[in-house]
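**Student:** In my numbering, the protein residues as written are 1 to 191.
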Amino acid sequence: MSIHPSTTTNTAHSYERMSCLDQPEVFQDPLLEEPPSTAAPAAVRRRYAVLESKAQEACHGCPLLTDCLYRAVVEHNVSGIAGGTTERQRTEIRKRLRWSVQAEDFDTLAGVTGRHRQVDHDEVVRLRHANPHESLETLAQRLGCSLSTVKRHLRRARTEPRRPKKAPSVPTVSAVLAAYAAVINRLRAAA
Ligand code: SF4
Numbered sequence: 001m002s003i004h005p006s007t008t009t010n011t012a013h014s015y016e017r018m019s020c021l022d023q024p025e026v027f028q029d030p031l032l033e034e035p036p037s038t039a040a041p042a043a044v045r046r047r048y049a050v051l052e053s054k055a056q057e058a059c060h061g062c063p064l065l066t067d068c069l070y071r072a073v074v075e076h077n078v079s080g081i082a083g084g085t086t087e088r089q090r091t092e093i094r095k096r097l098r099w100s101v102q103a104e105d106f107d108t109l110a111g112v113t114g115r116h117r118q119v120d121h122d123e124v125v126r127l128r129h130a131n132p133h134e135s136l137e138t139l140a141q142r143l144g145c146s147l148s149t150v151k152r153h154l155r156r157a158r159t160e161p162r163r164p165k166k167a168p169s170v171p172t173v174s175a176v177l178a179a180y181a182a183v184i185n186r187l188r189a190a191a
């Protein structure tokens, strides 16, 4: 289950209704959290494409879009669709901004899986390197977190640049919007 970044804090627009609340069957579909690889069956990839398109359409009609996109890029590393973007697109936006955020176990934050705890990114990567033959399920049990959290940290270790030692300045809203536009335009040009 993914919880939307804009549900985690009160905002000036908290009285406005998030479009995703009206479509839980789309936004909470587990497939949105784990996009299928190109090797997945065509039917699964088609179903994912339909879900992604429905979720992004809802986001683009959402009054919280800008705030949500900003939080999902700068403050929280969640899975699934948020702020009209996929997790992969947000990773690309962060790369452009030279920014990184800790992956978060929102199931735990939301109290959905109370026995799980938040884990440190470096701890996940270190344990994986120390136990390369161990299954990810075992690793998740060792860390006391969910399997999807472990996967998210390992994916981040593969795709995101190492965090710089000196903290960069926090991206502005306009910088995030510019990076978003650049990523979307690049994808459109490649399509
Ligand atoms: S932008 Fe999308 S994910 Fe964010 S609150 Fe709106 S509908 Fe939900």
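Don't be surprised by glycine CBs; every beta carbon is placed ideally from N, CA and C.
Taking 8 Å as the cut-off, is the beta-carbon of A181 closer than that to any non-hydrogen atom of the ligand SF4?
**Tutor:** Incorrect: A181 has no Cβ contact closer than 8 Å to the ligand SF4.
**Student:** Using a Cβ-Cβ cutoff of less than 8 Å, which residues in the same chain neighbour A140 once the five nearest sequence positions on both sides are dropped?
**Tutor:** So the list reads S146, L147, T149, V150, once near-sequence residues are dropped.
**Student:** Does DSSP put A40 in a helix, a strand or coil?
**Tutor:** Coil.
**Student:** I'd like to confirm something about G144: is its beta-carbon nearer than 8 Å to some heavy atom of the ligand SF4, or not?
**Tutor:** Not under cutoff, so the answer is no.
**Student:** Can you tell me where the alpha helix (DSSP H) with H121 in it begins and where it stops?
**Tutor:** Here the alpha helix (DSSP H) through H121 covers 121-130.
**Student:** Taking a contact to mean a Cβ-Cβ separation below 9 Å, would you say F61 touches F27 in this structure?
**Tutor:** A quick correction: the sequence has Gly, not Phe, at residue 61. No, these two residues do not count as a Cβ contact at 9 Å.
**Student:** If T85 sits next to L69, beta carbons under 8 Å apart, how far is it from one beta carbon to the other, in whole angstroms?
**Tutor:** Going by Cβ atoms, the distance from T85 to L69 rounds to 7 Å, so yes, they are a contact pair.
**Student:** Check the C-beta distance from H121 over to H153 and give it rounded, since I have them as a contact under 8 Å.
**Tutor:** H121 to H153, Cβ: 5 Å. Contact.
**Student:** Helix or strand or just coil, what does DSSP make of A191?
**Tutor:** Here A191 sits in coil by DSSP.
**Student:** In this structure, how does DSSP classify T86 when only helix, strand and coil are distinguished?
**Tutor:** Residue state, collapsed to three classes: coil.
**Student:** For V170, which residues from the same chain have a beta carbon less than 7 Å from its beta carbon, with the 5 sequence-adjacent residues on both sides left out?
**Tutor:** The answer, listed in chain order, is V74.
**Student:** Within the present structure, is the beta-carbon of I81 separated from the nearest heavy atom of the ligand SF4 by less than 8 Å?
**Tutor:** Under cutoff, so the answer is yes.
**Student:** Would you tell me roughly how many angstroms separate the C-alpha atoms of R71 and V101, rounded to the nearest one?
**Tutor:** Distance between the alpha carbons of R71 and V101: 10 Å.
**Student:** Excluding the five sequence neighbours on either side, which residues of its own chain have a C-beta within less than 7 Å of the C-beta of W99, listed in chain order?
**Tutor:** Around W99: V74, P168, P171.
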